[in-house]
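In full-length UniProt numbering, the protein residues as written are 1 to 346. The structure appears below as structure tokens.
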Ligand code: SF4
């Protein structure tokens with residue numbers, strides 16, 4: 001980031017919860033206008049970064065995240081599987097690349113990885129990178145040595161979500177602390193890996209918790225390069241299987257607020273898109289979302305079929321970002337390209 005950009009008042013790390021609550025509660029047209037203004041200042045609003053997510057080690061997780069069917073502690077959990085073979089991962093990565101993905105994300109249901117597991121994951125990272133894809137993994141908690149090993153293997157992004165506010169966190173997860181989450185984020189940053197970190201809307205949290213999550217994310221020393229905002233997928237047999245549904249406008253407000261607070265970051269629509277209408281998707285893109293997961297499964301929960309995403313993006317006149325555009329947002333000229341606009345109309 002250049003010195004000039006650091007001085008931009010729209011990139012801040014000193015948000016108060018009251019300010020964030022006020023943003024979320026702005027009249028909808030004003031909130032959307034501010035989000036769009038910033039989105040256009042840093043990104044081409046017609047471009048969407050596309051990632052594919054593969055579960056490389058499913059189920060049997062010792063953690064007790066109340067939303068997750070992979071926890072071994074819930075009434076109904078998905079069947080535990082072993083870590084996938086490297087060659088199988090490579091087959092999936094080639095298919096993802098052929099389908100247009102720019103980033104390949106691999107998730108393992110662990111509290112934290114063991115050394116011999118990291119050997120295999122490092123091999124996967126090296127293999128996926130050799131296909132020309134960006135790599136992201138989510139493996140649970142990492143110490144500084146593990147983070148450095150992943151960096152040395154060429155890892156581009158590490159995903160580790162804060163999920164919710166510090167105050168509400170204990171109602172959702174009891175097997176690790178918020179501070180442990182923050183420590184992993186800091187180890188990953190210190191190793192020079194890009195950070196993917198966001199949360200979930202719809203777990204019974206209130207406005208103050210939603211504001212608290214966004215405030216913590218935006219007040220990190222550097223904004224996460226990717227900010228996934230998930231809409232809870234209510235999975236039967238998990239403690240949140242019967243949680244109250246969140247209305248789409250509330251969700252769009254969180255997307256818009258994330259865009260305003262972290263204007264250089266990719267704001268990703270992650271879990272929960274399967275049941276979202278095309279209109280709700282369109283509003284999320286207008287609010288500044290510019291990244292999605294493609295593929296019919298997100299770890300263990302359903303995701304829209306690829307052809308549905310393709311049709312939707314085409315109907316909206318939007319296209320996938322190419323890798324060079326998928327870097328963190330950079331300040332764009334304030335004046336729109338009028339000539340290109342007129343050419344498009346003629
Ligand atoms: S969210 Fe991750 S850490 Fe939590 S139970 Fe699921 S797999 Fe385990």
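For each residue, glycine too, the CB sits at the ideal point set by N, CA and C. Only a predicted model underlies this, so the values are computations on that prediction, with no experimental measurement involved.
Return the residue from the list 18, 67, 36 that minimises the CA-CA distance to residue 283.
On the chain shown, residue 283 is found 283 positions in, with the first residue counted as 1. For the residues 18, 67, 36, the minimum Cα distance to residue 283 belongs to 36.
Are the Cβ atoms of residue 287 and residue 256 separated by less than 7 Å?
Stepping through the chain shown from its first residue, residue 287 is reached at position 287. Stepping through the chain shown from its first residue, residue 256 is reached at position 256. It is a contact, given that the beta carbons lie within the stated cut-off.
Among residues of its own chain, excluding the 5 on either side of residue 168, which ones have a beta-carbon nearer than 6 Å to its beta-carbon?
By 1-based counting over the chain shown, the position of residue 168 is 168. Here the set comprises 205, 209.
Residues that DSSP places opposite residue 108 in a beta bridge:
Position 108 of the chain shown holds residue 108. 57.
Could you pull out every residue in the same chain whose Cβ sits closer than 8 Å to the Cβ of residue 319, ignoring the five residues on either side in sequence?
Your numbering for residue 319 matches position 319 in the chain shown. Counting only Cβ-Cβ distances below 8 Å, and skipping sequence neighbours, we find 46, 47, 48, 313.
Rounded to whole angstroms, what's the CA-CA distance from residue 274 to residue 308? Just pull it up for me.
Taking the first residue of the chain shown as position 1, residue 274 is located at position 274. Taking the first residue of the chain shown as position 1, residue 308 is located at position 308. C-alpha separation (whole angstroms): 10 Å.
Taking 8 Å as the cut-off, does the segment 159 to 175 touch the segment 128 to 135 (at least 3 CB pairs, one atom from each stretch)?
no
Does DSSP put residue 45 in a helix, a strand or coil?
Taking the first residue of the chain shown as position 1, residue 45 is located at position 45. Correct three-state label for residue 45: coil.
Step through the CB atoms of chain C and report whether any lies within less than 7 Å of the CB of residue 82.
Absent from the structure is chain C; it holds one protein chain and no more.
DSSP three-state label for residue 272, please.
By 1-based counting over the chain shown, the position of residue 272 is 272. Three-state result, residue 272: coil.
Pair every Cβ in the segment 51 to 66 with every Cβ in the segment 177 to 192, then say whether three or more of these pairs are closer than 8 Å.
Fewer than three Cβ pairs drawn from the segment 51 to 66 and the segment 177 to 192 lie within less than 8 Å of each other, which leaves the two stretches out of contact.
Same chain only: Cβ atoms within 6 Å of residue 90, ignoring 5 sequence neighbours per side:
Counting from one through the chain shown, the residue named residue 90 turns up at place 90. Excluding positions up to five away in sequence, the list reads 127.
With hydrogens ignored, establish whether the beta-carbon of residue 196 is closer than 6 Å to any heavy atom of the ligand SF4.
Sequence index remark: in the chain shown, residue 196 carries index 196 (1-based). Checking the Cβ of residue 196 against the ligand SF4 gives no.
Identify, in the order they occur along the chain, each residue of the same chain with its Cβ nearer than 7 Å to the Cβ of residue 222, setting aside the five sequence neighbours on each side.
As a position in the chain shown, residue 222 is number 222, starting the count at 1. Excluding positions up to five away in sequence, the list reads 189.
Quick one: what does DSSP say residue 283 is sitting in, helix, strand or coil?
Translated into the one-based positions of the chain shown, residue 283 becomes position 283. In this structure, residue 283 counts as helix in the three-state DSSP scheme.
Does the beta carbon of residue 112 fall short of 6 Å from some heavy atom of the ligand PLP?
The ligand content of the structure shown is limited to the ligand SF4, which means the ligand PLP is not among them.
Span separating the alpha-carbon of residue 27 from that of residue 279
On the chain shown, position 27 is the one that residue 27 refers to. On the chain shown, position 279 is the one that residue 279 refers to. Their backbone Cα atoms lie some 19 Å apart in a straight line.
Uninterrupted alpha helix (DSSP H) stretches inside the segment 67 to 150 (no shorter than 4 residues):
86 to 98, 115 to 130
Completely contained beta strand (DSSP E) runs for the segment 224 to 266, where each covers 3 or more residues
226 to 231
Give me whichever residues DSSP pairs with residue 319 in a beta bridge.
As a first step, residue 319 is located in the chain shown; it is residue number 319 there, counting from the start. Paired residues: 47.
Environment of residue 184 [buried if 16+ CB atoms lie within 10 Å]:
Against the chain shown, residue 184 aligns to sequence position 184. Buried is the call here.
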